[in-house]
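Single-structure report; data block below.
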Amino acid sequence: MNKQFFLALLAAILVPVFPAVAQIRGYRQIELKQWEFSKDSTAWQEVTIPHSWNAVDGHSSKYYRGKAFYRCYFRVNDTAKPRFLLFEGAAQSAVVTVNGIQLGAHRGGYTAFPVAITEALNRGINVVEVTCDNREDVDMIPVTSDFNKNGGLHNPVWLLEMEDVYLSPKAYGMYRLRCETPLVTPKKVQTLVKFKIVNDGNRDDEIKVRVQLLTADGVLGYQADREVEVRAFSDYDFSHEFLLSGVHLWDGVKDPYLYTLRVELFRGKRMVDIAETKIGYRSMEMDPERGFLLNGRPYPLRGVNMHQDMDGKASALTLSDYRRDYAIVKELGANFLRLAHYPHNDFAFCLCDSLGLIVQTEIPWVNVCGVDARQIYFNNIHEQMREMISNLYNHPSIGFWGMWNELDSWGNQPGSLQGELDAARVVSETAKLYAYAKQLDPGRFVGLTDDSEFQRDGYTALKADYYSQNRYHGWYYDVDNFEKFTEAMERIHKQMGVTNVGEYGVGINPFCHYWDRSRVKRDLEDDTIHSEEYGNLFHESYVRQIQRMPWLNFTAVWILFDFPVANRQEGWMDSDNGEVFVPNEARKYMNDKGLVTRDRLTRKDPFYLYKSLWNTGETTVYITGRRLRYYPVGQDLIIKVYSNAKSLTLYQNDKQVARKTSSGESTGVIWEFPAVRLKTDQDTFKVVSDKGMTDSVTLSRLR
Numbered sequence: 001m002n003k004q005f006f007l008a009l010l011a012a013i014l015v016p017v018f019p020a021v022a023q024i025r026g027y028r029q030i031e032l033k034q035w036e037f038s039k040d041s042t043a044w045q046e047v048t049i050p051h052s053w054n055a056v057d058g059h060s061s062k063y064y065r066g067k068a069f070y071r072c073y074f075r076v077n078d079t080a081k082p083r084f085l086l087f088e089g090a091a092q093s094a095v096v097t098v099n100g101i102q103l104g105a106h107r108g109g110y111t112a113f114p115v116a117i118t119e120a121l122n123r124g125i126n127v128v129e130v131t132c133d134n135r136e137d138v139d140m141i142p143v144t145s146d147f148n149k150n151g152g153l154h155n156p157v158w159l160l161e162m163e164d165v166y167l168s169p170k171a172y173g174m175y176r177l178r179c180e181t182p183l184v185t186p187k188k189v190q191t192l193v194k195f196k197i198v199n200d201g202n203r204d205d206e207i208k209v210r211v212q213l214l215t216a217d218g219v220l221g222y223q224a225d226r227e228v229e230v231r232a233f234s235d236y237d238f239s240h241e242f243l244l245s246g247v248h249l250w251d252g253v254k255d256p257y258l259y260t261l262r263v264e265l266f267r268g269k270r271m272v273d274i275a276e277t278k279i280g281y282r283s284m285e286m287d288p289e290r291g292f293l294l295n296g297r298p299y300p301l302r303g304v305n306m307h308q309d310m311d312g313k314a315s316a317l318t319l320s321d322y323r324r325d326y327a328i329v330k331e332l333g334a335n336f337l338r339l340a341h342y343p344h345n346d347f348a349f350c351l352c353d354s355l356g357l358i359v360q361t362e363i364p365w366v367n368v369c370g371v372d373a374r375q376i377y378f379n380n381i382h383e384q385m386r387e388m389i390s391n392l393y394n395h396p397s398i399g400f401w402g403m404w405n406e407l408d409s410w411g412n413q414p415g416s417l418q419g420e421l422d423a424a425r426v427v428s429e430t431a432k433l434y435a436y437a438k439q440l441d442p443g444r445f446v447g448l449t450d451d452s453e454f455q456r457d458g459y460t461a462l463k464a465d466y467y468s469q470n471r472y473h474g475w476y477y478d479v480d481n482f483e484k485f486t487e488a489m490e491r492i493h494k495q496m497g498v499t500n501v502g503e504y505g506v507g508i509n510p511f512c513h514y515w516d517r518s519r520v521k522r523d524l525e526d527d528t529i530h531s532e533e534y535g536n537l538f539h540e541s542y543v544r545q546i547q548r549m550p551w552l553n554f555t556a557v558w559i560l561f562d563f564p565v566a567n568r569q570e571g572w573m574d575s576d577n578g579e580v581f582v583p584n585e586a587r588k589y590m591n592d593k594g595l596v597t598r599d600r601l602t603r604k605d606p607f608y609l610y611k612s613l614w615n616t617g618e619t620t621v622y623i624t625g626r627r628l629r630y631y632p633v634g635q636d637l638i639i640k641v642y643s644n645a646k647s648l649t650l651y652q653n654d655k656q657v658a659r660k661t662s663s664g665e666s667t668g669v670i671w672e673f674p675a676v677r678l679k680t681d682q683d684t685f686k687v688v689s690d691k692g693m694t695d696s697v698t699l700s701r702l703r
């Protein structure tokens, strides 16, 4: 993709960061970016939030897991005003003190939480200190995981300053208001707004509440004013409902139209608080036979999984990092994301809203539910579910709340942290969590992701709206037999009903290649070789099979970007000639199933397979195997291309050698030309589409 087009994608997704409200006299929000950091609370260094202490050592055999300390200084001139600290994510647990007074503690590294700090403030300079801890904790999710559990203030931190009458940051999450859309039809929509007004003053107050709905262009579409009395040292639960007709629907990637819902509080003529959120009106349905429906029409969800991770930063991504990553999602053409395996930063969901991406987000209940699990563990699971839904509720992109992932994969052996898997407890606790999540949000789907084909005792009775399955036929099992994927999914569909594919993928080192097709296979005994050619065959087969299963509501490739896992050593042998394989230490400790490398510099071949399928607004022409630079003399060479063009012409050293008017296979995007041989020491192959789009590679003779 050329640089100008990619920059245009970046510009198209420059949405504002939370919270996008004006600074007014009564309410201020200040991002606290400059902090000091120490692992031992004695030697301090300056850092910028977001920050993780595992930014570098996360890509190694062992990363630091323990306590570390942050502190930040800020000035207060008026100690009477209510103030809060809002942490968007402190990993994995945190204790918060202000001026030496402990004011809050939080268990869970991925959800936002407020801390009231007014009582501890002094006039002048104040210091907030946060102790973060990412040690293993048997009573807090995630206990074990196939991803690094980074430590630090890896999401933004805000100082909120209020008047004595304000919208509570505790009742309805970080946006301080909740906007429900219980009825959405092409003709009319229903909106229900909820928030809590707090009066910390010593007198009763008459407050005017203003609710506004603004179009994407900022035009006022609806307004209502209402007077309420809020008693001194008390609060008031406010709700307002209204019906509208002729509303512009949020319609996925085609038309992700967003309104702004704004709430203002006035004491007399003076505004004392304001909050707003982007909303989108849409309806979502799942059908066990028809698949997913958006606004009443079939809308198959096809996309990828993503971790919150980046080379050199771990999970502490900046806004520009998110914008770049989601520009890559837009380039790919996906319409669905599974944001694994924990709630990502709120800004990621803002981008999904603006791009029309539909999302599953989930709590980090992964792997572990053992016979020795204590009630405090399940309490933490419920609390993280509550915080996820409360903070992220307003995002129209979210269609699915995930309860757990692979509670039967690993970490459940006798002698492990919680002992062996307790399948009966999985079933009973899932039912409780499902009921709780539906109470918190009756309007969205609540489901789970399994990897056992629901073969554990009692798993067919699991309570959920949908059942996702992670399948790796041809990678971890059924080696070289990709078609087992269809057999497994058809069994699950027949048994469970509403069915999805939560993960499917294959390790790919884009710098590891075979020219000999007979050697392109999976060797479970030698996990150092993850050839790109085998990865291509895997994804080509899965794409064909998915097309034959229209009842799948969503499918998600594992994963968009490679990410580090400290205990993995695989796929670290490179070869650009298919004969000599060289160790590459930099590729160790990595899950390399990404369609793109962790540094975002290399799009692997299958990236363009999916781009050809999904990004129908752009003509893709991509020659595969381009990093296999050398071929033996006299060896037949098959040029394979991923393209959504109507016809392709192949040139060798500027001479036409073949032309095809269709791919000749079911996907319509996998093209193979008749075998050719190198004619010189270095040949250039060029493919040209009917619209003039070109791609070329230069290949040399292996001597």
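Numbering (our numbering), first residue to last: 1 to 703.
From the three backbone atoms N, C-alpha and C, an ideal C-beta is built for every residue, glycine too.
Query, Result
"Do I711 and K604 have their C-beta atoms within less than 8 Å of each other?", "Because the chain in this structure spans residues 1 to 703, residue 711 falls outside the shown range and cannot be described."
"Count the other CB atoms, across all protein chains shown, that sit within 10 Å of the CB of T191; report buried if there are 16 or more and exposed otherwise.", "buried"
"Sort E406, D146, E420 and V501 by Cα distance to F563 and report the nearest one.", "D146"
"Looking at Y622 and Y608, is the spacing between their C-beta atoms short of 8 Å?", "yes"
"Is the region 352-368 touching the region 322-342 in the sense that three or more CB pairs, one from each, lie closer than 8 Å?", "yes"
"Assuming S60 and A566 make a contact with CB atoms under 8 Å, what is their CB distance in whole Å?", "6 Å"
"Out of G458, L433 and E453, which one is the CA nearest neighbour of G447?", "L433"
"Taking 8 Å as the cut-off, does the region 121-133 touch the region 173-191 (at least 3 CB pairs, one atom from each stretch)?", "no"
"Is G443 buried or exposed, if buried means 16 or more other CB atoms sit within 10 Å of its CB?", "exposed"
"Quick one: what's Y73 bridged to in DSSP?", "V127"
"Output the boundary residues of the beta strand (DSSP E) element that contains L339.", "F336 to L339"
"Please list, in chain order, all residues of the same chain as C512 whose beta carbon is under 8 Å from its beta carbon, the five residues on each side excluded.", "I529, H530, S531, E532, G571, M573, D574, S575 and F581"
"Using DSSP with H/G/I as helix, E/B as strand and the rest coil, what is L249?", "coil"
"Give a yes or no on contact between the region 373-388 and the region 323-340, applying the rule of three or more CB pairs nearer than 8 Å.", "no"
"By the three-class DSSP mapping on this structure, what secondary structure does I442 have?", "The question names Ile, but residue 442 in the sequence shown is Pro. If DSSP states are grouped into helix, strand and coil, P442 belongs with coil."
"By Cβ distance, which residues of its chain are closer than 8 Å to I546, with the 5 residues on each side in sequence left out?", "R302, V501, L552 and T555"
"Is Y589 helix, strand or coil when you go by DSSP?", "coil"
"Among E119, P674 and D465, whose alpha-carbon lies nearest the alpha-carbon of A437?", "D465"
"Give the list of continuous beta strand (DSSP E) stretches no shorter than 3 residues that lie fully inside the region 519-606.", "554-557"
"Excluding sequence positions up to five away, which residues of its chain have a Cβ less than 7 Å from the Cβ of F242?", "T191, Y222 and A224"
"What does the Cβ neighbour count give for A90, buried or exposed, with the cut at 16 atoms within 10 Å?", "buried"
"Quick check on the DSSP output: the alpha helix (DSSP H) that includes T486 runs from which residue to which?", "K484 to M496"
"Please name the residue in W558, Q375 and F37 whose C-alpha comes closest to that of Y73.", "F37"
"Jot down the residue ranges of each uninterrupted alpha helix (DSSP H) in the region 371-397, minimum 4 residues, whole runs only, in chain order.", "375-392"
"Tell me whether D78 is buried or exposed, calling it buried when 16 or more other Cβ atoms sit within 10 Å of its Cβ.", "exposed"
"The beta strand (DSSP E) with F673 in it runs from where to where?", "No beta strand (DSSP E) contains F673, which DSSP labels as neither H nor E."
"Among the residues of its own chain, which have a CB less than 8 Å from the CB of T460, if the five just before and after it don't count?", "F454, Q495 and M496"
"Please state whether DSSP places C352 in a helix, a strand or coil.", "helix"
"Within 10 angstroms of its Cβ, does Q418 collect 16 or more other Cβ (buried), or is it exposed?", "buried"
"Buried or exposed for K149, please, with buried defined as at least 16 other CB atoms from any protein chain shown within 10 angstroms of its CB.", "buried"
"Spatial neighbours of Y542 within its chain, please: C-beta separation below 8 Å, excluding the five flanking residues on both sides.", "F482, F485 and Y504"
"Closest to K33 by CA distance: which of G356, L319, A232 and I141 is it?", "L319"
"In terms of residue numbering, what span does the beta strand (DSSP E) encompassing V304 cover?", "L301 to M306"
"Check whether the region 666-683 and the region 595-602 are in contact - that is, three or more C-beta pairs closer than 8 Å.", "no"
"Which ranges does the beta strand (DSSP E) cover as unbroken runs of at least 3 residues, wholly within the region 158-241, from first to last along the chain?", "165-167, 178-184, 188-199, 205-214 and 220-230"
"From D311, D353 and S315, pick the residue whose C-alpha is nearest to that of D330; which is it?", "Sequence inspection shows Lys at residue 330; the Asp mentioned does not correspond to that position. Cα-wise, what sits closest to K330 is D353."
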